[in-house]
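Q: Mind looking over this structure? Questions follow.
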Amino acid sequence: MNDPYKVLGVSPRASEDEVKKAYRELARKYHPDNYHNNPLADLAQEKMKEINEAYDTIQRMQSGGSSGNASYNGASGGYSGNYSGTSAQIRMAIQMGNLVQAEQMLNSMRDRNAEWHFLMGSLCYRKGWLDQARQHIQQAAAMEPNNREYQAALHQVNTGGFAYRGGQGQGGVDMCDCCTLLMCLNCCCR
Amino acid sequence: MFGYVIPIQAELKVKELEQFKGAYCGLCHSLKKNYGFLARFVLNYDFAFLAILLSQGAGEMQYCKKRCLAQPFRARRCPEGSEPFHQAAGYSLILTHWRLKDQIADGGFIKSLPARFASLLLGRAYRKAARDFIAFDSHCQTQLSKLRELEQAQSGDLDRVADTFAAILPHAAEQVTDEAERRIFEQLLYHTGRWIYLIDAYDDLEQDKQSGNYNPLAARFQLTDGKLREADKDWLETTINHSANLIASAYNLLPSGQWSGILENIIYLSFPTATKSVFEGRFQRNMGRWQRRKESTDI
C-alpha cells in the first residue's frame, strides 16, 4: 500500500486536525456525486477508496490501533435495480463502456418509451454528446414525471453537472445547486 | 488557432506567469527549430495549453535560455527541446494546414487567396510535421473531411458536428501508456475540443450570418436572423459549461505536477470566465494579446 501521508498530501508530523482537513478536501474532490454518470466514475471511486484507506490507517496509527472506520462510505448507486432483460443489458453495456453495442441494441428496439429515451440519453452522455443527452432525458422525464432516476438525471443535464474547483468553490459554482443535487440523489438512494 | 484557452493573468502567481510565458516561448522556439522560421506564424495559446498538459505527465523537462526577435534583450527560460512541445508544434501545423485546405475548398478563387498564400508559405513546414506525426495527419484529415460533409449538408445535429472536431485532439493521448491516465487525457481533450468548437461557433454567429457561411448553431436552433433566443442561449451555455465541468472532473483525477498552478488557473477559472465573457459579448478576438483577457476579467 502507498504511504498514507503521501496519499493525503500531508507531512507525517501533521496534527490530527490537519489530516482531517486534508482528508475532507480530497473527499470533496473525489466524491461520487461529482462523478455521477461520468465516464471516469470508476477512477474517482478508486481514488476515494485510496484516500479512505489512507485516512483510516493514519487514524489507527494515531490512536494506537483502536479507532473504528470513521471515513466516508462512498457507496455510489450504480445500476442495481430490477430492470427487464434488454434494458438491464443496455445499462450494463453503457456502464462497461461498450457504447457501440448499447447503441445497436437501442436502435433495434421498437418501443420508444420513457426508458428508451433515458437509456439513449445516458448513452449520449457517456459519449460526451451533451445536447442530445439533454433532449432524450427531458423526453424521458416528461413521459414519466414520477421516476426519480430520470428526475436526478434531468437535474444533472439541466444544471450542466458539477465539478470540484479548488478550495473556495472558485469559478462561480453555486452551492445551492450542489445541495439540491445532493438532496435529489439522496432521495434516489432510498 | 482560436486563442480561447489562455490563463487569467491576474490570478497567476509571478512564477507561474514566468513559467507560462516560458512555455509559450518554448512552443515558438520548438516550431522554429523543428519546422523553420515561417512555422512560427501558427503559434497560438490553445496549443501552448496542449504542450503544457502533455508535459504534466512527461516527467523532467529540458530547459534552455533563449532569445528571439520579439524578445531580443531578455533571454527566457523555456522547455523548447522537450517532446510534448515538439508534438504540440507538429500538431498545430498539421491542424492549421488542413483548416487552410478547407478554406481553399470552400471559398472562390479570390476569397480563398489569403488561405492559398498561407498554405503555400507553410507547405514545407507542414510536410515535415506530417512526416513526424503520420498518424495524426491522417486522423486530422479524416475528421475535418467528416466535418466538411456535415457542413455541406447543413447539419443541425450539433453533437455530431462538434464530435468531428472534438475527436481530433484526443489523438494526442494515444502514446500515454497507462490506461487510466489515457482515459483521463482523452476526456479532457475531447471536451476541450468540444468547448472550443461551440464557443467559436457562438462567437461567429453574426459574422456567419452576414457572410452566409454555415454555422452549426444556426442550423441546430433554426435561426433566421443569426441571433439566439434567450432560452436557446441558456440551453447552449449549459451544454458548454457541462463540457467545462467534465474537463475539470477529468483533470482532478490526474496527479499534480510542476504545471498544476497554470493548468488549474485555465481549467478551474479560465474556461468558465471565457464562456461567460463570450456569452456576454465581451470577449475581444485579438489573437496573441494578453490585453484581451485582462479586459474580460476586469469587469
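Sequence lines, in order, name chains A and B.
Using this note's numbering, read the first sequence as starting at 982 and increasing by one per residue.
Using this note's numbering, read the second sequence as starting at 3 and increasing by one per residue.
C-beta atoms are modelled at their ideal positions from N, C-alpha and C, and glycine is treated no differently.
Locate the beta strand (DSSP E) running through B:K68, then write down its first and last residues.
A: If you number the second sequence from 1, residue 68 of chain B lands on position 66. It spans C66 to K68 - the beta strand (DSSP E) in which B:K68 sits, taken as one unbroken run.
Q: Let me check one thing: in DSSP terms, what residues is B:C80 bridge-paired to?
A: Along the second sequence, one-based indexing puts residue 80 of chain B at 78. Partner(s): B:C66.
Q: Measuring only between beta-carbons, confirm whether A:Y1004 sits less than 7 Å from chain B.
A: Here residue 1004 of chain A refers to the residue found at position 23 when the first sequence is read from its first residue. Chain B contact via Cβ: absent.
Q: Are B:A53 and B:P86 touching if we call contact CB-CB under 7 Å?
A: Start at 1 with the first residue of the second sequence, and residue 53 of chain B comes out as number 51. Start at 1 with the first residue of the second sequence, and residue 86 of chain B comes out as number 84. Result yes, Cβ atoms of B:A53 and B:P86 sit closer than 7 Å.
Q: Does any residue of chain A have a CB that is nearer than 7 Å to the CB of B:Q212?
A: Position 210 of the second sequence, counted from the start, is the residue given in the question as residue 212 of chain B. False, the Cβ-Cβ gap to chain A never drops below 7 Å.
Q: Assuming B:Y47 contacts B:G5 under a Cβ cut-off of 8 Å, what Cβ separation, rounded to an integer in Å, is found between them?
A: Working through the second sequence from its first residue, we reach residue 47 of chain B at position 45. Working through the second sequence from its first residue, we reach residue 5 of chain B at position 3. Correct: roughly 5 Å between the Cβ atoms.
Q: Taking CB distances under 7 Å as the criterion, tell me whether B:S251 reaches chain A.
A: Looking up residue 251 of chain B in the second sequence gives position 249. So yes, B:S251 belongs to the interface.
Q: What would DSSP say about B:F22, mapped onto helix, strand or coil?
A: The residue given as residue 22 of chain B occupies position 20 in the second sequence. B:F22: helix per DSSP, three-state reduction.
Q: Since I believe A:S1103 is in contact with A:N1018 (beta carbons under 8 Å), could you give me their beta-carbon distance rounded to a whole number of angstroms?
A: Locating residue 1018 of chain A in the first sequence gives position 37, where the first residue counts as 1. Locating residue 1103 of chain A in the first sequence gives position 122, where the first residue counts as 1. Contact between A:N1018 and A:S1103 is confirmed by a C-beta separation of about 7 Å, below the 8 Å threshold.
Q: Measure from the C-beta of B:L52 to each C-beta in chain A and report whether the shortest distance is under 7 Å.
A: Reading the second sequence from its first residue, position 50 is the one you call residue 52 of chain B. Closer than 7 Å to the CB of B:L52 there is not a single CB belonging to chain A.
Q: Would you call the region 166 to 181 of chain B and the region 1113 to 1123 of chain A in contact, with 3 or more CB pairs under 8 Å?
A: Between the region 166 to 181 of chain B and the region 1113 to 1123 of chain A there are fewer than three inter-stretch CB-CB distances shorter than 8 Å, so the stretches are not counted as touching.
Q: With 16 other CB atoms within 10 Å as the buried threshold, where does B:I112 fall?
A: Numbered from its first residue, the second sequence carries residue 112 of chain B at position 110. B:I112 comes out exposed.
Q: Can you tell me the Cα-Cα spacing of B:T299 and B:A90, whole angstroms?
A: Here the question's residue 299 of chain B lines up with position 297 in the second sequence. Here the question's residue 90 of chain B lines up with position 88 in the second sequence. Reliability of the predicted coordinates at B:T299 is poor, the pLDDT of 44 falling under 50, and no value is obtained from them.
Q: Determine contact between the region 126 to 141 of chain B and the region 59 to 74 of chain B, defined as no fewer than three beta-carbon pairs at a distance below 8 Å.
A: Contact check between the region 126 to 141 of chain B and the region 59 to 74 of chain B: fewer than three CB pairs, one atom from each, fall below 8 Å, which does not count as touching.
Q: Helix, strand or coil: how does DSSP classify B:F39 here?
A: As a working mapping, residue 39 of chain B is identified with position 37 in the second sequence. Looking at B:F39 - three-state DSSP - the assignment turns out to be helix.
Q: Which chain A residues are close to B:E266, counting only those with a beta carbon under 7 Å from its beta carbon?
A: Reading the second sequence from its first residue, position 264 is the one you call residue 266 of chain B. In chain order, G1147 make up the part of chain A whose C-beta sits under 7 Å from the C-beta of B:E266.
Q: DSSP three-state label for B:E232, please.
A: Translated into the one-based positions of the second sequence, residue 232 of chain B becomes position 230. B:E232: helix per DSSP, three-state reduction.
Q: So what's B:P218 in DSSP terms, helix, strand or just coil?
A: In the second sequence, residue 218 of chain B corresponds to position 216, counting from 1. The answer is helix: DSSP assigns B:P218 an H, G or I state.
Q: Given that a residue counts as buried once 16 or more other Cβ atoms are within 10 Å of its Cβ, and exposed if not, what is B:F22?
A: What you label residue 22 of chain B is simply residue 20 of the second sequence in a count that begins at 1. Buried, because 16 or more other Cβ atoms sit within 10 Å of the Cβ of B:F22.
Q: Could one say the Cβ of B:Y204 lies closer than 7 Å to chain A's Cβ atoms, at least one of them?
A: Here residue 204 of chain B refers to the residue found at position 202 when the second sequence is read from its first residue. No, no contact with chain A.
Q: Please state if the CB of B:A203 and the CB of B:L219 are separated by a distance shorter than 7 Å.
A: The residue you call residue 219 of chain B lines up with position 217 of the second sequence. The residue you call residue 203 of chain B lines up with position 201 of the second sequence. Their beta carbons are under 7 Å apart, which means B:L219 touches B:A203 by this criterion.
Q: Leaving out five residues on either side along the sequence, give the residues of the same chain with a beta carbon under 7 Å from the beta carbon of B:N217.
A: As a first step, residue 217 of chain B must be located in the second sequence, where it is residue number 215. Contacts found: A203, D206, L207 and D210.
Q: If you draw a straight line from the C-alpha of A:E1130 to the C-alpha of B:G28, how long is it?
A: For the purposes of this step, residue 1130 of chain A is taken as the residue at position 149 of the first sequence. For the purposes of this step, residue 28 of chain B is taken as the residue at position 26 of the second sequence. Each residue's Cα considered, the two are about 49 Å apart.
Q: What residue range does the alpha helix (DSSP H) around B:Y128 cover?
A: As a working mapping, residue 128 of chain B is identified with position 126 in the second sequence. Looking at the DSSP string, the run of the alpha helix (DSSP H) that includes B:Y128 is L115 to D134.
Q: Just to confirm my understanding: we take A:A1083, look at its own chain, exclude 5 residues before and 5 after, and list those with CB closer than 7 Å. What are they?
A: On the first sequence, position 102 is the one that residue 1083 of chain A refers to. Cβ neighbours of A:A1083 beyond the five flanking positions: I1071, A1074, I1075 and L1104.
Q: Would you mind sorting B:T241 into buried or exposed? The rule is 16 or more other CB atoms within 10 Å of its CB.
A: Stepping through the second sequence from its first residue, residue 241 of chain B is reached at position 239. Classification for B:T241: buried.
Q: Can you round the beta-carbon distance between A:A1095 and A:A1121 to whole angstroms, since I take them to be within the 8 Å contact cut?
A: In the first sequence, residue 1095 of chain A corresponds to position 114, counting from 1. In the first sequence, residue 1121 of chain A corresponds to position 140, counting from 1. Right, their Cβ atoms sit about 5 Å apart.
Q: Tell me the DSSP secondary structure of B:L312 in three-state form.
A: Examination of residue 312 of chain B is not possible in this model, given that chain B is present from 3 through 301 alone.
Q: Please state if the CB of A:M1029 and the CB of A:Y1011 are separated by a distance shorter than 7 Å.
A: Translated into positions along the first sequence, residue 1011 of chain A becomes position 30. Translated into positions along the first sequence, residue 1029 of chain A becomes position 48. Yes, these two residues count as a Cβ contact at 7 Å.
Q: To the nearest whole angstrom, what separates the beta carbons of B:L45 and B:D104, a pair I think is in contact under 8 Å?
A: As a position in the second sequence, residue 45 of chain B is number 43, starting the count at 1. As a position in the second sequence, residue 104 of chain B is number 102, starting the count at 1. About 20 Å separates the two Cβ atoms, so there is no contact after all.
Q: Could one say the Cβ of A:D1112 lies closer than 7 Å to chain B's Cβ atoms, at least one of them?
A: Residue mapping note: residue 1112 of chain A aligns to position 131 of the first sequence, counting from 1. Yes, contact with chain B.
Q: Is the region 246 to 263 of chain B touching the region 222 to 237 of chain B in the sense that three or more CB pairs, one from each, lie closer than 8 Å?
A: no
Q: Could you check if B:T179 is buried or exposed, using at least 16 other CB atoms within 10 Å of its CB as the buried criterion?
A: Residue mapping note: residue 179 of chain B aligns to position 177 of the second sequence, counting from 1. Exposed, by the Cβ-count rule.
Q: Does DSSP classify B:E176 as helix, strand or coil?
A: For the purposes of this step, residue 176 of chain B is identified with residue 174 of the second sequence, where counting begins at 1. Coil.
Q: Quick one: grab the DSSP three-state call for B:A182.
A: Working through the second sequence from its first residue, we reach residue 182 of chain B at position 180. Three-state result, B:A182: helix.
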